[in-house]
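Visitor:
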DNA sequence: CCTATCTTGGAATGGTCGTTCCAAGATAGG
DNA sequence: CCTATCTTGGAACGACCATTCCAAGATAGG
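Chains as they are written, first to last, in the numbering used here: chain A, 168 to 366; chain B, 168 to 366.
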């Protein structure tokens, strides 16, 4: 008997991710979401239930669609260290050039906001961190099996290092850091993880 | 002939740094500044000239009083790598425990805000980065002279690595990361920079 | 002590925020 | 086609925002 939705919630969420990512979640008003999506306040609130919930939904979608595929590819990559180097090369390129240049990472950006204290959002930040570190860990484990790693390097802690490094890249890129400097900084760390086999 | 200020601008700025640092700049209203400092809106605007300028002044004071002394001590430290390790140990401790636990770093927090686009503020972010990387660079150069560094490690790019790592620590600590994990991540990078001298 | 000059308290302004509400519209089972 | 039920557009709400303004207060040179 009832009416059905006149819009696709998933498409709306896609626009919301775009807005929150580029302009910042706290700096984006509901009015802007309404203007961009064409969906009225009523429908927005009936579907997502307020700005905090909308932010959480956008974060989940970002993690699922933007981050996770890249993490999965990294974890499944059989090359080891070159896979990690490639991950960072694509990361720096995506953060400094192209469609999303200077946007940073929606999850990283959320870390410093006031919403970080909300349990629902905090959990997503932690899930992102776990996923990122897990992918790094898997790639490092592969590298280990290929004999690419410096002896004595603990895979789990090295994975944490690389995750922290990625946050640094995300952060500085949003403030205008140059791709070359970011990449050089990343490579120095990776070289430190590499087995030394001079001539 | 004229009247003089009935308050100390520097003391006010100290309170403002505290507010912006702990609660976030965008989340802190002028009303809160008025309530905390006891200084009226008129005086605030006459002295600092609006919220953006106040934010910039607070950032400058933070950089000058909080960051720079630590950077200077690091740059002047004669120990080399142990000085850098000590820097990070104190950083993690300050970010995870004590008076400023979970506050992160005011400069790091500003990177993701909407104010990052204002020229005056962007310059302070860059100045902070240059100072941080410079201090790392000086400490690494000392380490080099002490023969502590892995051969082939470029001091300047390694300094960038460590700066990015510090941003990662600042970011994740604000979201509740555990001190032990942060420290382990840092140490893995430092070990990668160290000359290998097994037994 | 007077007065020119700056400072101060606090009210007022116009704007934007997230959220709520309700009448009008759309839908689909009966 | 009717009607129960959900959705939708858009007005309205109160709270807060940064900023401005002005009369009253404080100051120190003359």
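Where is the CB? At the ideal position from N, CA and C, for every residue including glycine. Please read these numbers as outputs of a predicted model, since none were measured by experiment.
1) Could you check whether the Cβ of residue 356 (chain A) sits closer than 7 Å to any Cβ belonging to chain B?
2) Flag residue 334 (chain A) as yes if its beta-carbon sits less than 7 Å from any beta-carbon of chain B, otherwise no.
3) Taking 7 Å as the cut-off, decide whether the C-beta atoms of residue 359 (chain A) and residue 359 (chain B) are in contact.
4) Measure from the alpha carbon of residue 242 (chain A) to the alpha carbon of each residue in A:296, A:220, A:302, A:331, then state which is nearest.
5) Going by the CB atoms, is the gap between residue 224 (chain B) and residue 238 (chain B) shorter than 7 Å?
6) So what's residue 355 (chain A) in DSSP terms, helix, strand or just coil?
7) Around the C-beta of residue 231 (chain B), are 16 or more other C-beta atoms found within 10 angstroms, so that it is buried, or is it exposed?
8) Since residue 248 (chain B) meets chain A, which of its residues come closer than 9 Å, beta carbon to beta carbon?
9) With DSSP as the reference, label residue 363 (chain B) as helix, strand or coil.
10) What residues of chain B sit near residue 348 (chain A), judged by a beta carbon separation below 7 Å?
11) Could you round the C-beta distance between residue 173 (chain B) and residue 234 (chain B) to whole angstroms and report it? I think they count as a contact, below 8 Å.
12) With DSSP collapsed to three states, give me the class of residue 248 (chain B).
13) On a CA-only basis, which of A:342, A:341, A:203, A:352 is nearest residue 320 (chain B)? Give me that one, please.
14) Assign residue 178 (chain B) to one of two classes, buried (16 or more other C-beta atoms within 10 Å of its C-beta) or exposed (fewer than that).
15) Helix, strand or coil: how does DSSP classify residue 282 (chain A) here?
16) Any Cβ of chain A within less than 7 Å of the Cβ of residue 287 (chain B)?
17) Could you give the distance in angstroms between the alpha-carbon of residue 322 (chain B) and the alpha-carbon of residue 188 (chain B)?
18) Taking the C-alpha atoms as reference points, what is the distance between residue 366 (chain A) and residue 356 (chain B)?
19) Which residues, taken in chain order from the stretch 193-211 of chain A, show a beta carbon closer than 9 Å to some beta carbon of chain B?
20) Below 8 Å on the Cβ atoms is my guess for residue 226 (chain B) versus residue 277 (chain B); work out the distance and round it to an integer in Å.
21) Between which two residues does the alpha helix (DSSP H) carrying residue 135 (chain B) extend?
22) With 16 other CB atoms within 10 Å as the buried threshold, where does residue 245 (chain B) fall?
23) So if DSSP puts residue 241 (chain A) in a beta bridge, which residue, or which two residues, is it bridged to?
24) Secondary structure at residue 320 (chain B), three-state DSSP: helix, strand or coil?
25) Going by DSSP, what residue range makes up the alpha helix (DSSP H) through residue 269 (chain A)?
26) For chain A, find out if any of its Cβ atoms is closer than 7 Å to the Cβ of residue 191 (chain B); answer yes or no.
27) Going along chain B, which residues have a C-beta under 8 Å from residue 341 (chain A)?
28) Measuring CB to CB, does residue 259 (chain A) end up less than 7 Å from residue 329 (chain A)?
29) Please tell me whether residue 201 (chain A) and residue 228 (chain A) are closer than 7 Å, where the distance is taken between their beta carbons.
30) Tell me whether residue 197 (chain A) is buried or exposed, calling it buried when 16 or more other Cβ atoms sit within 10 Å of its Cβ.
31) At 7 Å on the CB atoms, spell out the chain B contacts of residue 309 (chain A), in chain order.
32) Where does residue 207 (chain A) fall in DSSP's three states?
33) Identify, in the order they occur along the chain, each residue of the same chain with its Cβ nearer than 7 Å to the Cβ of residue 199 (chain A), setting aside the five sequence neighbours on each side.
Guide: Taking the definition as stated:
1) For the purposes of this step, residue 356 (chain A) is identified with residue 189 of the first chain, where counting begins at 1. At least one CB of chain B lies nearer than 7 Å to the CB of residue 356 (chain A).
2) Within the first chain, residue 334 (chain A) is the residue found at index 167, counting from 1. Yes, residue 334 (chain A) counts as interfacial toward chain B.
3) Counted from its first residue, the first chain places residue 359 (chain A) at position 192. Counted from its first residue, the second chain places residue 359 (chain B) at position 192. Closer than 7 Å, so yes.
4) As a position in the first chain, residue 242 (chain A) is number 75, starting the count at 1. Ranking the options by Cα distance to residue 242 (chain A), first place goes to A:302.
5) Against the second chain, residue 238 (chain B) aligns to sequence position 71. Against the second chain, residue 224 (chain B) aligns to sequence position 57. For the 7 Å CB-CB criterion, residue 238 (chain B) and residue 224 (chain B) do not form a contact.
6) Taking the first chain and counting its residues from 1, the one referred to as residue 355 (chain A) is at position 188. The answer is helix: DSSP assigns residue 355 (chain A) an H, G or I state.
7) Here residue 231 (chain B) is taken as the residue at index 64 of the second chain, counted from 1. Exposed is the call here.
8) Working through the second chain from its first residue, we reach residue 248 (chain B) at position 81. Per Cβ cutoff of 9 Å: no residues; residue 248 (chain B) is ~12 Å from chain A at best.
9) Within the second chain, residue 363 (chain B) is the residue found at index 196, counting from 1. Under the three-state reduction of DSSP output, residue 363 (chain B) falls in the coil class, being neither helix nor strand.
10) The sequence position of residue 348 (chain A) within the first chain is 181, counting from 1. Chain B residues near residue 348 (chain A): 327.
11) Along the second chain, one-based indexing puts residue 173 (chain B) at 6. Along the second chain, one-based indexing puts residue 234 (chain B) at 67. The beta-carbon separation of residue 173 (chain B) and residue 234 (chain B), rounded to 31 Å, does not stay under the 8 Å limit for a contact.
12) What you label residue 248 (chain B) is simply residue 81 of the second chain in a count that begins at 1. Three-state result, residue 248 (chain B): helix.
13) Translated into the one-based positions of the second chain, residue 320 (chain B) becomes position 153. Residue A:352 is the option with its Cα nearest to residue 320 (chain B).
14) Stepping through the second chain from its first residue, residue 178 (chain B) is reached at position 11. Exposed.
15) Taking the first chain and counting its residues from 1, one reaches residue 282 (chain A) at position 115. Looking at residue 282 (chain A) - three-state DSSP - the assignment turns out to be helix.
16) To locate residue 287 (chain B), count along the second chain from 1; it is residue 120. No - not a single Cβ of chain A is within 7 Å of the one on residue 287 (chain B).
17) Walking along the second chain from the start, residue 322 (chain B) turns up at place 155. Walking along the second chain from the start, residue 188 (chain B) turns up at place 21. Spanning the two alpha carbons is a distance of roughly 31 Å.
18) On the first chain, residue 366 (chain A) is found 199 positions in, with the first residue counted as 1. On the second chain, residue 356 (chain B) is found 189 positions in, with the first residue counted as 1. Residue confidence for residue 366 (chain A) is low, a pLDDT of 36 falling below 50, so the modelled location carries little weight; the figure read from the coordinates is stated next. Approximately 24 Å, taken between the alpha carbons.
19) Here the close residues are 193, 194.
20) The residue given as residue 226 (chain B) occupies position 59 in the second chain. The residue given as residue 277 (chain B) occupies position 110 in the second chain. The distance from the Cβ of residue 226 (chain B) to that of residue 277 (chain B) is about 6 Å, consistent with a contact at the 8 Å cut-off.
21) The first residue shown for chain B is 168 and the last is 366, placing residue 135 (chain B) beyond what the model contains.
22) The sequence position of residue 245 (chain B) within the second chain is 78, counting from 1. Answer is exposed; the Cβ neighbour count stays below 16.
23) Translated into the one-based positions of the first chain, residue 241 (chain A) becomes position 74. Residue pairing for residue 241 (chain A): DSSP places it in no beta bridge.
24) As a working mapping, residue 320 (chain B) is identified with position 153 in the second chain. Coil, per DSSP.
25) Walking along the first chain from the start, residue 269 (chain A) turns up at place 102. Neither: residue 269 (chain A) is in no alpha helix (DSSP H) and is coded neither H nor E.
26) In the second chain, the residue the question calls residue 191 (chain B) occupies position 24. Residue 191 (chain B) counts as touching chain A.
27) The residue given as residue 341 (chain A) occupies position 174 in the first chain. Close partners of residue 341 (chain A) in chain B (Cβ separation under 8 Å): 278, 279, 283.
28) In the first chain, the residue the question calls residue 259 (chain A) occupies position 92. In the first chain, the residue the question calls residue 329 (chain A) occupies position 162. For residue 259 (chain A) and residue 329 (chain A), no; Cβs fall outside 7 Å.
29) Residue numbering aside, residue 201 (chain A) sits at position 34 when the first chain is read from its first letter. Residue numbering aside, residue 228 (chain A) sits at position 61 when the first chain is read from its first letter. Going by C-beta atoms, residue 201 (chain A) is not nearer than 7 Å to residue 228 (chain A).
30) Your numbering for residue 197 (chain A) matches position 30 in the first chain. By the Cβ neighbour-count rule, residue 197 (chain A) is exposed, with fewer than 16 other Cβ atoms within 10 Å of its own.
31) Locating residue 309 (chain A) in the first chain gives position 142, where the first residue counts as 1. Chain B residues near residue 309 (chain A): none, gap ~17 Å exceeds 7 Å.
32) Here the question's residue 207 (chain A) lines up with position 40 in the first chain. It is coil, neither helix nor strand.
33) As a first step, residue 199 (chain A) must be located in the first chain, where it is residue number 32. If the five residues before and after residue 199 (chain A) are omitted, its C-beta is found closer than 7 Å to the C-beta atoms of 186, all from its own chain and listed in chain order.
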